[in-house]
Amino acid sequence: MADNSQPASSEHALDRDCTTLSRHVLQQLQSFSADAQDLSALMNRIALAAKLISRRLSRAGLLEGVLGFTGEVNVQGESVKKMDVYANEVFISVFKQSGLVCRLASEEMEKPYYIPENCPIGRYTLLYDPIDGSSNLDINLNLGSIFSIRQQEGTDEDGAALDLLQHGRKQIAAGYILYGPSTMLVYSIGKGVHSFTLDPSLGEFILSNENIRVPDHGSIYSVNEGNFWQWDESIRDYIRYVHRHEGYTARYGGALVGDFHRILLQGGVFLYPGTVKKPEGKLRLLYETAPLAFLIEQAGGRASTGIQDILDVVPDKLHTRTPLLIGSKDDVSLVESFIRERAEEKTVSLTK
Ligand code: P6P
């Protein structure tokens, strides 16, 4: 009988090359049910959006109409870049004729976008930041896309999408794409955090790291210290602490996905606290802080506003912002201890 057993290494290599995102989702769910197939197909569409955006970014400096601003201002009051518009439309396009997603809520759109042909049957809603960190675009540094998947509740006949204004534990999946030296897709459907790397020669995202765990503590603190003058005294106390103790190092890239990815893999804490100009914080809950909070908790870490877990925050509007502390559980708790200490001092002084 011919020996058809291949050496373990090559068999393993082939099996790994075949562990695509859609296959991995089905493996995670251990099911081939219609719902499992839908979620697998949905993740595959997100992967297609990632490939389209990655391809355009890789040639940004060579193509007309990729870099620069549109001259518009979005609902956030931010100047819109051409790449923001392109990426936003890519996510919409990949879900047309999918039967999967009825609504898309984006940082770039004041109200959710409905895909009517999907709405009777499509029970999922995609919430996303199509291009995060677009200030890095013109200097060829890393960028990201962030996504969150929720199950639609009710018929939303009036288009108010009020069912989206619920806490982050309603998310059924979340993840991001990191457009860096390689393009990576990191996701969770509530069964751990897993990363895939785009193999351009295959045009497929291939499994690169399963069940990622964030260390309980890390040396990195990631924050824009240029905002020191705008912070609450408690955050300044934390910054003074890490400035005066050995074992800390500062890393800040100015693009949330890359800064978060570093913390996820190496530990430490990323902070975007409230400021004088933005007391509620800069980052948006439904498509930035909540999906990342979902991931970090799945990886054994924590995400907090400083007062409560991000995943427990109930938004009052689609583009609600929150302060964000996220990363290793010991490091998030350390920052919270400075916030608690100042709050207790304030209470004591008020009762005197
Ligand atoms: P700052 C990018 O504009 C972004 O939304 C996030 O990607 C990033 O973490 C943050 O803003 C950076 O803000 O105020 O430090 O430039």
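Residue numbering for the sequence shown follows the numbering used here, starting at 740 and increasing by one per position. C-beta: ideal position from N, C-alpha, C; glycine also.
Put residue i into one of helix, strand or coil per three-state DSSP.
| i | result |
| --- | --- |
| Pro-869 | strand |
| Leu-925 | One point to set straight first is that residue 925 is Val, not Leu, in the sequence displayed. Residue state, collapsed to three classes: strand. |
| Val-962 | coil |
| Asp-774 | helix |
| Asp-902 | helix |
| Tyr-853 | strand |
Using the DSSP secondary-structure output, state which residues sit across from residue i in a beta bridge.
| i | result |
| --- | --- |
| Gln-1005 | None; Gln-1005 has no bridge partner. |
| Arg-889 | Thr-864, Gln-910 |
| Asp-938 | Glu-943 |
| Gly-883 | Asp-871, Leu-917 |
| Phe-808 | Lys-820 |
| Gly-1066 | Val-1008, Arg-1041 |
| Arg-1060 | Arg-1023 |
| Val-708 | Since the first and last residues shown for the chain are 740 and 1091, residue 708 lies out of range. |
| Asn-948 | Ser-934 |
| Asp-1048 | Ser-1043 |
| Ala-989 | Tyr-960 |
Give me the Cα-Cα distance between residue i and residue j, rounded to the nearest whole angstrom.
| i | j | result |
| --- | --- | --- |
| Lys-820 | Thr-1090 | 51 Å |
| Leu-1024 | Ile-974 | 20 Å |
| Tyr-853 | Ile-928 | 24 Å |
| Phe-830 | Ile-785 | 7 Å |
| Ser-772 | Leu-839 | 15 Å |
| Phe-1077 | Lys-930 | 33 Å |
| Ile-978 | Ser-961 | 11 Å |
| Asp-955 | Gln-1037 | 13 Å |
| Asp-976 | Arg-862 | 46 Å |
| Leu-843 | Val-981 | 41 Å |
| Ser-837 | Glu-1083 | 53 Å |
| Leu-765 | Leu-778 | 8 Å |
| Lys-1085 | Ile-1046 | 15 Å |
| Val-805 | Trp-968 | 36 Å |
Let me check you understand the geometry: is the CB of residue i closer than 7 Å to at least one non-hydrogen atom of the ligand P6P?
| i | result |
| --- | --- |
| Gly-872 | yes |
| Ala-994 | yes |
| Asp-998 | yes |
| Leu-1022 | yes |
| Asn-963 | yes |
| Tyr-918 | no |
| Tyr-1011 | yes |
Okay, do the stretch 844-860 and the stretch 1051-1066 touch, 3+ Cβ pairs below 8 Å being the bar? Verdict: yes, contact present.
The stretch 790-799 contacting the stretch 814-831, beta-carbon criterion three pairs below 8 Å: Yes, since at least three Cβ pairs between the stretch 790-799 and the stretch 814-831 fall closer than 8 Å, the two stretches touch.
Do the stretch 1038-1048 and the stretch 1060-1079 touch if we need at least three Cβ pairs shorter than 8 Å? At 8 Å Cβ cutoff, the stretches touch.
At a cut of 8 Å, does the stretch 905-918 reach the stretch 749-758 through at least three beta carbon pairs? Short answer: they don't touch.
For the stretch 882-892 and the stretch 1007-1015, state whether three or more C-beta atom pairs, one from each stretch, are separated by less than 8 Å. No: the two stretches stay apart, fewer than three of their Cβ pairs being nearer than 8 Å.
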